[in-house]
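Please read the structure below before turning to the comments.
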Amino acid sequence: MNGTDLTAFLPIIVLGGTVIIVMLGIAFCRNHRLTALLSLLGLVLCLIAIWPASDVAPRQVTPLFAIDRYALFYMGLIFAVSIAVLMLSHGYLAARSEPPEEFYLLVLVATLGAVALVASDHFASFFLSLETLSISLLGLIAYPRDQGKPLEAGIKYLILAGISSAFLLFGMALIYARLGTLEFTRIAALLMAGGTSPDLYWLTGLALIFTGIGFKLSVVPFHMWAPDVYEGAPAPVSAFVAVVSKGAMFALLLRYFVTANADGFGPVPMMIEIVAIASILVGNLLALLQNNIKRILAYSSIAHLGYLLVAFLAGGALRIEAVTYYLVAYAVMTVGAFGIITVLSTSNAAAEIEDLDAYRGLIWQRPWLGGAFAGMLLSLAGIPLTMGFIGKFYAIAAGVSATMWPAVIALIVGSIIGLFYYLRVIVAICTPAPEGAAAYAGAVPMVGSATLAALTLMLFGLGVYPTPLVHLIQVTAAQMTVR
Amino acid sequence: MILLWLILTPLIGGVLAGFSGRRNHALARWLSLACLAIDLVLTLVLWAAHDGTTITPNGAWLAQIDWPWIPQLGIRLHLGLDGLSLLLILLTLGLGIMSVIASWSEITERVGFFHFNLMLTLAGVIGVFLALDLFLFFFFWELMLVPMYFLIAVWGHEQRIYAAIKFFLFTQGSGLLMFAAILALAFINYRQTGVLTFDYFELVKAQLGPTTQMWLMLGFFIAFAVKLPVVPFHTWLADAHTEAPTAGSVILAGLLLKTGAYGLLRFAIPLFPAASATFAPVAMTLGVIGILYGAMLAFAQDDMKRLVAYTSVSHLGFVLLGIYAGNTLALQGAVVQILAHGLSTGALFILVGALQEKLHTRDMRQLGGLWSTAPRMGAIGLFFAIASLGLPGLGNFVGEFLVLFGTYRVAGGFAIAGTLGLVVSTIYALSFVQRVFHGEPRASAALTDFSSRHMIVMGTMIVALVWLGCYPQPVFDTASAGLANLRRVASERQPHPGEP
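Going down the list, the sequences are from chains G and E.
So the first sequence is numbered by our numbering: it starts at 18 and just counts up by one.
So the second sequence is numbered by our numbering: it starts at 13 and just counts up by one.
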């Protein structure tokens, strides 16, 4: 490792440093505000560190990590989401009985795992980053230790994360047994050379890895855990699981498929298409039956991962572009939606406000929050003026350009079903509240509101004029295709 | 530039009204009215400068702007105004002003948000009539749905939530089909030329095989057919119209349905002329079914608003018939019918809305003999009812007559069957007048007659309808340039090498 390598690795190093400083800080002086400030400062420094790193990219740092613009873009996204989640959590944690400081530490460690994941170019770094992420997530999900639901969610997550890791490891072992290497690029080279035709080892290995990844992405048929975990976890953690954990995993999947050229093998695209269609239909249909907003968002997230997989199927440069834009849009609207639940639940320490009926009349009592929530939901439904619309455009465009008509039709049908339950929530927030219901009496934390305002501005700004973001993504994508 | 202001003015007005409405209800109303009036003046200025029409390689356009929007994806902010768009925008602004005035006393809660949604819908409709980039068109197409949804869901009547969701699902679902067709067309063009574009004038040059052309055409047709509405897709209409507040019904019937007709005229047929020609007999059959079935349903209603809603199905059957008959006479007739239906149905909805506001019922079984207590309402109701049945001298007659005339030349059978529609419309229109205004007076004690505010609205609409019926020549002149543009575009479509 020389100086250039270190520069390329700077964002991860800064984050590692932040983790240590915050940990020591907590050990010496328990102070909520100080911990929050240190963590945010560290994350902002990480964001800044992306600039020097992008000057030396693309660069292979040890056989384990490839720092290119693609990885750096996703790092930036993950840092930004972590900052948003921490800012939303601040008021929320202050009103809870648990000591809040370790929450920040866990978020930082999980972020570390996620950013290492998107830069991984090797099965070893892939697995290590993933475990770093999952174990911290376990701590975050079960953070309110004195309550039943978070603990149950935590145990559920623990068991399923363990099982999926086992699948993943076994798949990696099979591929290693066949090819004798763990590096994505070497695997690609060996396959390109044609020395190894796809055989049972290779296919089984791929299927097992895909199963492991499928659990993390919570696509059908590996989706069972998502609604329970989302419901049980504190709302900001649900946002983090939905966006950072899934987003990082998806970014890695894309890198793996592009560099190892894995979709050249017969059954793989078909397998993904089936999973995509199943996720879209099952996610949307099950969401219809829910009355709990967090569960609705969980099922909607399953469906959105299905849309993402449709975008993933397209070939060429459009694939990276479509997936990346969709992930950014998904990040903004999911963090936004969970953020509103977080902010509203701040003063209600006993339980979160998650029942659909509890949202009645929100838009009349708190017009700004209600409007932001409606915006997020409309974006999730893919209505113009929002980022969700451009994202849906990309997904359909990707499906059409690959002439995957069954997937496109599933996407359209899914969107129509999806509209129904997003509208249910919007109807709820527009219906006048029943007599005597004094909901949302508590104060709304400033920091949280500011974050939500920023997210809403982004939602509409980048929905109406997405050109800068699209340009940035195209620059990013170009480097990965060239490599 | 002026075209962008046509869209921005209602948008800005809506935002201003939305903010001011929380404190001052009247201010929100006046602001909306002022912005629509400014917009109307802008459009009239454009119309007056009719001679200044610039002949571009793409036909005769009064004004065009073409700016990059998302250049990486070939999406442009391409707006164009020709005679057809101009007439429809005039109708939009006229009905917009009428609906603001009509809801002056009806809407008393959340006035700011109401006008925000109203203006946003109007901006979306104007955008639809101007867009010449298919992505932009879809953008506006979807944009007008959300505020309309809120108009129905928040200020509607008893079954409003059901109606609003049904409306949204129908239109959004069919819209997505069209979106897939737009993207497929763009990607076919991309493969042929290597340029990703959504521009109307570029996409028309893409070479399509007959089967592809048919599928893509159906994608567009279904979206427009749901809006129009064509008979198997009409079920959302009665619920949405009935449950919406007066302004919502006026805009739904007067404008949103017209976007379907406009889409067929501007996009479905010129982009896919061969497939449309093959499909024409089916579409015309659906049109005739719509005329007769809509009239039958209208006659069977007890609810006044439902009755008026079903007359729309019948009237727009004529529009569909005219559009697919395809000759100049029929197309001119369809345009006049669009305008006349907007005015007459809009007026009927305002009338019915006013009755409901005062009597709290729309059920005709509880009404009767209102003429004696409210002679103004009675006279105006009679006028618009006979306009709706197609009395010569009024706009609807010109439209229906020309459509039938044009259709007879290409398909006599359809024209004869369509003529029966004129007979059935007499039945429902006169029975409506009979049941509401004549007979034994019932439950009309609290009824006060139309105020002068309402009289001004109604008077304007009567004048417009008479003018359209007696001297439609300016409309023909304006529309003919627009219709010529459409034919130009259709002729651009090269037959596919494999096509006979």
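Note that beta-carbon positions come from the ideal geometry of N, C-alpha and C, so glycine has one too.
Bear in mind the structure is a predicted one, so any value in this text is a computation, not a measurement.
(message) Assuming G92(E) is part of the beta strand (DSSP E), what are its boundary residues?
(response) Locating residue 92(E) in the second sequence gives position 80, where the first residue counts as 1. Here the beta strand (DSSP E) through G92(E) covers 87 to 93.
(message) Between which two residues does the beta strand (DSSP E) holding P80(E) run?
(response) Walking along the second sequence from the start, residue 80(E) turns up at place 68. That run of the beta strand (DSSP E) goes 75 to 82.
(request) Classify T205(E) as buried or exposed, calling it buried when 16 or more other Cβ atoms lie within 10 Å of its own Cβ. (result) Your numbering for residue 205(E) matches position 193 in the second sequence. Classification for T205(E): exposed.
(request) Note down the Cα distance separating V481(G) from L472(G), rounded to an integer number of angstroms. (result) Within the first sequence, the letter at position 464 stands for residue 481(G). Within the first sequence, the letter at position 455 stands for residue 472(G). Roughly 14 Å separates the two Cα atoms.
(message) Between A196(E) and chain G, is any beta-carbon pair separated by less than 7 Å?
(response) The residue given as residue 196(E) occupies position 184 in the second sequence. A196(E) counts as touching chain G.
(message) Residues of the region 302 to 329 of chain G in Cβ contact with chain E at a cutoff of 9 Å, in chain order, please.
(response) Residues of the region 302 to 329 of chain G that bring their beta carbon within less than 9 Å of a beta carbon in chain E are absent altogether.
(message) Can you confirm whether C447(G), when its beta carbon is compared against all beta carbons of chain E, has any partner nearer than 7 Å?
(response) Counting from 1 along the first sequence, the entry for residue 447(G) is found at position 430. Closer than 7 Å to some Cβ of chain E, the Cβ of C447(G) qualifies, so yes.
(request) Could you pull out every unbroken beta strand (DSSP E) segment of at least 3 residues lying fully inside the region 195 to 223 of chain E, listed in chain order? (result) Positions of the beta strand (DSSP E) runs, each at least 3 residues long and wholly inside the region 195 to 223 of chain E, cannot be given because no such run exists.
(message) Assuming A83(G) is part of the beta strand (DSSP E), what are its boundary residues?
(response) Here the question's residue 83(G) lines up with position 66 in the first sequence. Residues 82 to 84.
(request) Less than 8 Å between the CB atoms is what I'm expecting for D85(G) and Q496(G), so what's the real figure, rounded? (result) Mapped onto the first sequence, residue 85(G) falls at position 68. Mapped onto the first sequence, residue 496(G) falls at position 479. At roughly 5 Å, the Cβ-Cβ gap stays under 8 Å, so D85(G) and Q496(G) are in contact.
(message) Less than 7 Å between the beta carbons of V238(E) and F232(E), yes or no?
(response) Taking the first residue of the second sequence as 1, we reach residue 238(E) at position 226. Taking the first residue of the second sequence as 1, we reach residue 232(E) at position 220. Not a contact, by the Cβ cut-off of 7 Å.
(message) Please tell me whether A44(G) has its Cβ less than 7 Å away from any Cβ of chain E.
(response) Taking the first residue of the first sequence as position 1, residue 44(G) is located at position 27. Judged by the 7 Å Cβ criterion, A44(G) is not in contact with chain E.
(request) Residues of the region 470 to 490 of chain G with a CB closer than 7 Å to any CB of chain E: list them in chain order, please. (result) For the region 470 to 490 of chain G, which is checked against every Cβ of chain E, the residues closer than 7 Å are P483, T484, V487, H488.
(request) Could I get the ranges of all uninterrupted alpha helix (DSSP H) runs contained in the region 129 to 198 of chain G, with 4 residues as the minimum, in chain order? (result) Within the region 129 to 198 of chain G, the complete alpha helix (DSSP H) segments at least 4 residues long are 140 to 158, 165 to 196, listed from N- to C-terminus.
(request) Would you mind stating whether F210(E) and F147(E) have Cβ atoms separated by less than 7 Å? (result) Your numbering for residue 210(E) matches position 198 in the second sequence. Your numbering for residue 147(E) matches position 135 in the second sequence. In contact: F210(E) and F147(E) (Cβ atoms closer than 7 Å).
(message) According to DSSP, simplified to helix, strand and coil, what is G302(E)?
(response) To locate residue 302(E), count along the second sequence from 1; it is residue 290. G302(E): helix per DSSP, three-state reduction.
(request) Alpha carbon to alpha carbon, how far is T221(G) from V126(G)? Give it in angstroms, no decimals. (result) Reading the first sequence from its first residue, position 109 is the one you call residue 126(G). Reading the first sequence from its first residue, position 204 is the one you call residue 221(G). A direct Cα-Cα distance of roughly 32 Å separates V126(G) from T221(G).
(message) Please state whether the Cβ-Cβ distance between F477(G) and L402(G) is less than 7 Å.
(response) Working through the first sequence from its first residue, we reach residue 477(G) at position 460. Working through the first sequence from its first residue, we reach residue 402(G) at position 385. The answer is yes: Cβ separation under 7 Å.
(request) Taking C-beta pairs closer than 8 Å, name the residues in chain G that V166(E) reaches, listed in chain order. (result) Reading the second sequence from its first residue, position 154 is the one you call residue 166(E). Near V166(E) (Cβ distances below 8 Å), the residues of chain G are C447.
(message) Taking the straight line between their C-alpha atoms, what separation do you get for F3(G) and H139(G)?
(response) Residue coverage of chain G in this structure runs from 18 to 500, which leaves residue 3(G) outside it and unanswerable.
(request) Would you kindly check if the distance between the Cβ of A397(E) and the Cβ of A441(E) is under 7 Å? (result) By one-based count along the second sequence, residue 441(E) stands at place 429. By one-based count along the second sequence, residue 397(E) stands at place 385. In this structure, A441(E) lies near A397(E), with their beta-carbon atoms less than 7 Å apart.
(message) Nearest by alpha-carbon distance to Y336(E): which of P222(E), F279(E), T323(E) is it?
(response) Walking along the second sequence from the start, residue 336(E) turns up at place 324. When each option's Cα is compared against that of Y336(E), the closest is F279(E).
(request) State the DSSP-derived secondary structure class of D145(E), mapped to helix, strand or coil. (result) If you number the second sequence from 1, residue 145(E) lands on position 133. D145(E) carries a strand assignment under DSSP once its states are collapsed to helix, strand and coil.
(request) Would you tell me roughly how many angstroms separate the C-alpha atoms of F128(E) and L28(E), rounded to the nearest one? (result) In the second sequence, counting from the first residue as 1, residue 128(E) sits at position 116. In the second sequence, counting from the first residue as 1, residue 28(E) sits at position 16. Their Cα atoms are separated by approximately 8 Å.
(request) Kindly say whether A354(G), judged by its beta-carbon, lies nearer than 7 Å to any beta-carbon of chain E. (result) Mapped onto the first sequence, residue 354(G) falls at position 337. So, not an interface residue.
(message) If you reduce the DSSP assignment to three classes, tell me which class I30(G) lands in.
(response) The residue labelled residue 30(G) in the question sits at position 13 within the first sequence. Assignment of I30(G) by DSSP, reduced to helix, strand and coil, places it in the helix class.
(message) By the DSSP assignment, the beta strand (DSSP E) with R76(G) in it spans what residues?
(response) Locating residue 76(G) in the first sequence gives position 59, counting from the first residue. In the DSSP annotation of this structure, the continuous segment of the beta strand (DSSP E) that includes R76(G) starts and ends at 76 to 78.
(message) Give the list of continuous alpha helix (DSSP H) stretches no shorter than 4 residues that lie fully inside the region 294 to 345 of chain G.
(response) Counting only unbroken stretches of 4 or more residues, the alpha helix (DSSP H) elements lying wholly within the region 294 to 345 of chain G are 310 to 330, in sequence order.
(request) Could you pull out every residue in the same chain whose Cβ sits closer than 6 Å to the Cβ of G411(E), ignoring the five residues on either side in sequence? (result) The sequence position of residue 411(E) within the second sequence is 399, counting from 1. Closer than 6 Å at the Cβ level, and outside the excluded window around G411(E), lie G345, V348, Q349, A352.
(message) Counting only beta-carbon separations shorter than 7 Å, does A494(G) have a partner in chain E?
(response) Translated into positions along the first sequence, residue 494(G) becomes position 477. No, no contact with chain E.
(request) Under 9 Å between beta-carbons, which chain E residues line up against L234(G)? List them in chain order, please. (result) Within the first sequence, the letter at position 217 stands for residue 234(G). Result: empty, since nearest Cβ-Cβ is about 24 Å, beyond 9 Å.
(message) So for D374(G), helix, strand or coil by DSSP?
(response) In the first sequence, the residue the question calls residue 374(G) occupies position 357. Three-state DSSP puts D374(G) in a helix.
(message) Please list, in chain order, the chain E residues whose beta carbon lies closer than 8 Å to that of A348(G).
(response) Counting from 1 along the first sequence, the entry for residue 348(G) is found at position 331. Listed along chain E, no residue sits closer than 8 Å to A348(G) by beta-carbon distance, the nearest being about 20 Å off.
(request) Give the residues from the region 393 to 406 of chain G that approach chain E closer than 9 Å (Cβ to any Cβ), ordered along the chain. (result) Listed in sequence order: L395, A398, G399, I400, P401, L402, F406.
(request) Grab the span of the alpha helix (DSSP H) containing S396(G) for me, first residue to last. (result) Here residue 396(G) refers to the residue found at position 379 of the first sequence. Secondary structure note for S396(G): its alpha helix (DSSP H) is the uninterrupted segment 384 to 398.
(message) Spatial neighbours of L57(G) within its chain, please: C-beta separation below 8 Å, excluding the five flanking residues on both sides.
(response) In the first sequence, residue 57(G) corresponds to position 40, counting from 1. Here the set comprises I100, L103, M104.
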